[in-house]
Amino acid sequence: MSAPDISTLEAVALEATRSAAVAAYPWAGRDDQDAADAAATEAMRTALARAPGRGTVVIGEGEKDDAPMLFNGEIVGTGDGPDFDIAVDPLEGTSFCARDLPGALATIAFGRTGSFWSPGPGFYMDKIVVPPAARDVVDLDDPPERTVAKVAEAVGKKVGDLRVMIMDKPRHAELIARVLRAGAAVQTPAGGDVGGSLAVLTPTLDVDLLLGVGGTPEGVLTAAAVRALGGGMLGRLAPQREAEAVALRAAGRSTDRILRCEELVADTAFFAASGVNGGPLLGRPRSSGGTTVVESLLITDGQIRHVTHTTFDRATGTRREQP
């Protein structure tokens, strides 16, 4: 029997992220991360309930952040269609939304059943994300100076022209310092490593490399986009607290094993995101006269498609989606 065609679910994924973005945006700048996360999650859950198939949430964000969530093992959809797996973060960059800073996104990935690697009790992982030209040259065991040099050569730049994305976290202080001493420029957002990875995969945004420790849910979401676009990604579990390390040992999970992109996402998958607070990737929802416009993107096999959703007020009973 042939594998199910999950491409029929692309519109569902876009509707899920659009709904989450619209629901989260009213909480922008209100300094309430949980309320923003809950609004995005419930809107996304409602949209996924209408999916023509049977979807299983296999990796989500709630356990790591103790936040409202689509929980692991949750079943969504009408059942009338293909089975599929879901990796999700309804509001990636909750602090950005709470402070009304650019970069918050509603994100989701769909894959065939069994596509997504499960981190078990691991909440954090060390990551490298590179564009297609550098996919075969990176190694998580390399020191950052060597990584920067190898990526620069692969993409045809001098080290001094390379731009590296590293989240501004205390755990990254030495990493940032070493990359700067190596001669590369560093962008240091406060969070949002899915957005940072998407910047690496988008040539017009002039980011060549992402380094550092971020969440495992974000890692799997990122891997779906990276695999679809032929980029390179490596990940390794990197517990940040002793309790997490103990749980990983008890579960028999290795913190030494390096996972390739094709292991993080082992089969056909696609990624969707919608803008919440604006930024270089996607603008924020815009409303006027009963009409709401949301900017989204869909990453499938070899392409990034930008989508503008225009939703009219309920009185009209209509909606249109424009590519």
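Just so you know, we're using my numbering here: the sequence shown kicks off at 1 and counts up by one. Even for Gly, the Cβ is constructed at its ideal location relative to N, Cα and C. If you're wondering where the values come from, they're calculated on a predicted model, not measured in any experiment.
- Looking from the CA of R171, the closest CA among K157, D161, G191 and E153 belongs to G191.
- In the three-state DSSP reduction, M167 falls in the coil class, being neither helix nor strand.
- Taking S118 as the centre and dropping the five residues before and after it, the same chain places the C-beta of V58 and I59 closer than 8 Å to its C-beta, in chain order.
- L175 and G122 have their alpha carbons spaced roughly 22 Å apart.
- A straight line joining the alpha-carbon of P217 with that of D161 spans about 31 Å.
- Beta-carbon to beta-carbon, A98 and D168 are separated by about 17 Å, too far to satisfy the 8 Å threshold.
- Closest by C-alpha distance to G120, out of V220, V293 and R178, is V220.
- For S287, the secondary structure class from DSSP, reduced to helix, strand or coil, is strand.
- Secondary structure remark: continuous beta strand (DSSP E) runs of at least 3 residues inside the segment 35–122, in chain order: 54–59, 83–92 and 105–111.
- For L237, the enclosing beta strand (DSSP E) has its first and last residue at G232 to L237.
- Scanning the segment 249–309 for uninterrupted alpha helix (DSSP H) segments of 4 residues or longer gives 261–264, listed from N- to C-terminal end.
- In the structure shown, the three-state DSSP call for L229 is helix.
- Around the Cβ of R112, a 10 Å sphere holds 16 or more other Cβ atoms; the residue is buried.
- Scanning its chain for C-beta atoms nearer than 8 Å, with the 5 sequence neighbours on each side dropped, one finds around G156 the residues A133, in chain order.
- When P131, D126 and A152 are compared, the shortest CA-CA separation from D141 is found for D126.
- In this structure, DSSP gives T311 an extended state, which the three-state scheme calls strand.
- Around the Cβ of R227, a 10 Å sphere holds 16 or more other Cβ atoms; the residue is buried.
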